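Visitor:
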Amino acid sequence: MNTFISLSCLPRAFTLGAVVCLLPIACSASQSETGSTGGGGDSTSSAQSSGNGGAGGAGGQGSGGSGEGGINITSGTGGSVPAVDVDVVITADNAYSFGYGDVNGITHFTQGTRAQTAGQIFNCFEGPEAYKVPAADAPASAYLYIATWDDLAVTQGVLGQFRRVGGVPLYTGDPQFEVCATGVNMKDSQMGPTQAEINAQIAICNGGDGDPVTTSAGWVNLAGAVTDGAIGTLAVGEANDPNPGGTFPPTCVTGVGPANAATIDPEAHWMWYQPGGIANPFQSTGSNTFRAYLIFRIAAEDIPPPK
């Protein structure tokens, strides 16, 4: 991984079916919904629109322990989901794709690309990226997915937040997140798995059909197996602390980063997969110990409703 954190400002535009997040040339984080077509990664939906994918990057080397601070646990909606949009901000070390659909797979997808500098993970305007999931696509039965892969060097993790308009955020690291380790090593891939490949793995995860030696053999959360017989747990690491000194540098922290940036609150925690017996799952071992690529998901009904 690159240890240079770029301070450059990169314009981005993301279209996710009916989802759009625009970071224009002036690098403001204004958002609007449109069916327009952008350049870069592919996005697919029932409307077959396309746009830029989310990007992870080659992360910078940090130092320190595996985490600090408590986990902010939010409550779900209990199955009653209001008709409001969901605002999402994500970054990943090293790379990710974002999508949403239902328990069986992704129907709206933004293909990610692996960035080339640490700044494209951690810096405002080029690291964390914002998405808007329309209310119509976020009923109680919906699931939001992050597929993430790493380069097997230095560190790895996913950080972000999910907030219904008018509500409080649900953060990465929440015990309700599920993760499935596919065992498909994408360390040399720039684009990562396709939507079809991810959906095929979701089916394997749902059925608990993965090889228990090389995969998690199903979904797990912080408490352990969600799918019968699944292996390992969700790994929850340090919070997005604005003070440096942990495994990861501060990542465009809300209240510190510019007001028009896609910031991530300090309550969000880095997360990954713990196959068992690893002292710090966020530090690379140099091999695919963590059975990546990984698929994370959260049920839309678990995102707190507006107050």
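For the sequence shown, position 69 matches number 544 in my numbering, and the numbering has no gaps at all.
Note that CB positions come from ideal geometry on N, CA and C, so glycine has one too.
None of these values were measured; they are calculated from a predicted model.
Is A774 helix, strand or coil by DSSP?
Guide: Locating residue 774 in the sequence shown gives position 299, where the first residue counts as 1. Three-state result, A774: strand.
Visitor: Quick one: is D686 buried, meaning 16 or more other Cβ sit within 10 Å of its Cβ, or exposed?
Guide: To locate residue 686, count along the sequence shown from 1; it is residue 211. With fewer than 16 Cβ atoms within 10 Å of its Cβ, D686 is classed as exposed.
Visitor: From which residue to which residue does the beta strand (DSSP E) around I581 run?
Guide: The residue given as residue 581 occupies position 106 in the sequence shown. Unbroken beta strand (DSSP E) run through I581: 580-585.
Visitor: With distance defined between alpha-carbon atoms, name the residue in G580, T623, F652 nearest to V659.
Guide: By one-based count along the sequence shown, residue 659 stands at place 184. Per the Cα distances, T623.
Visitor: Using the Cα positions of V728 and G693, report the straight-line distance between them to the nearest angstrom.
Guide: Counting from one through the sequence shown, the residue named residue 728 turns up at place 253. Counting from one through the sequence shown, the residue named residue 693 turns up at place 218. Roughly 33 Å between the two C-alpha positions.
Visitor: If you count every other CB in all the chains shown that lies within 10 Å of the CB of V711, and 16 or more means buried, which is it?
Guide: In the sequence shown, the residue the question calls residue 711 occupies position 236. Answer is buried; the Cβ neighbour count reaches 16.
Visitor: From A558, G641, V563, S572, pick the residue whose C-alpha is nearest to that of A743; which is it?
Guide: The residue you call residue 743 lines up with position 268 of the sequence shown. Among A558, G641, V563, S572, the Cα nearest to that of A743 is on V563.
Visitor: Using CA coordinates, which residue listed in P717, D625, Q595, Q586 is at the minimum distance from P668?
Guide: In the sequence shown, residue 668 corresponds to position 193, counting from 1. The residue with the shortest Cα to Cα distance from P668 is Q586.
Visitor: Could you have a look at C599 and say whether DSSP puts it in helix, strand or coil?
Guide: The count along the sequence shown starts at 1 and reaches residue 599 at position 124. Note: C599 maps to coil in three-state DSSP.
Visitor: Going by C-alpha distance, which of F652, G580, D625 is nearest Q636?
Guide: Start at 1 with the first residue of the sequence shown, and residue 636 comes out as number 161. Taking only the C-alpha atoms, the option nearest Q636 is F652.
Visitor: Just confirm the distance between the C-beta atoms of I753 and L634, as a whole number of angstroms; I'd bet it's less than 8 Å.
Guide: On the sequence shown, residue 753 is found 278 positions in, with the first residue counted as 1. On the sequence shown, residue 634 is found 159 positions in, with the first residue counted as 1. I753 to L634, Cβ: 19 Å. No contact.
Visitor: Looking at the structure shown, is A675 part of a helix, part of a strand, or coil, going by DSSP?
Guide: As a position in the sequence shown, residue 675 is number 200, starting the count at 1. It is helical.
Visitor: Using the Cβ count rule (16 or more neighbours within 10 Å means buried), how would you classify D663?
Guide: In the sequence shown, residue 663 corresponds to position 188, counting from 1. That one is exposed.
Visitor: Report buried or exposed for V608, applying the criterion of at least 16 other Cβ atoms within 10 angstroms of its Cβ.
Guide: In the sequence shown, residue 608 corresponds to position 133, counting from 1. Counting Cβ neighbours within 10 Å, V608 comes out buried, since at least 16 surround it.
Visitor: Does G693 come out as helix, strand or coil in the three-state DSSP assignment?
Guide: Your numbering for residue 693 matches position 218 in the sequence shown. Three-state result, G693: coil.
Visitor: How many whole angstroms separate the CB atoms of I706 and P750, which I take to be in contact at a CB cut-off of 8 Å?
Guide: Numbered from 1 along the sequence shown, position 231 holds the residue referred to as residue 706. Numbered from 1 along the sequence shown, position 275 holds the residue referred to as residue 750. That pair is a contact at about 7 Å.
Visitor: Pull up the DSSP beta-bridge partners for L645, would you.
Guide: Counting from 1 along the sequence shown, the entry for residue 645 is found at position 170. In DSSP, L645 forms a bridge with F637.
Visitor: Thinking C-beta only, is T708 closer than 7 Å to G699?
Guide: For the purposes of this step, residue 699 is taken as the residue at position 224 of the sequence shown. For the purposes of this step, residue 708 is taken as the residue at position 233 of the sequence shown. Closer than 7 Å, so yes.
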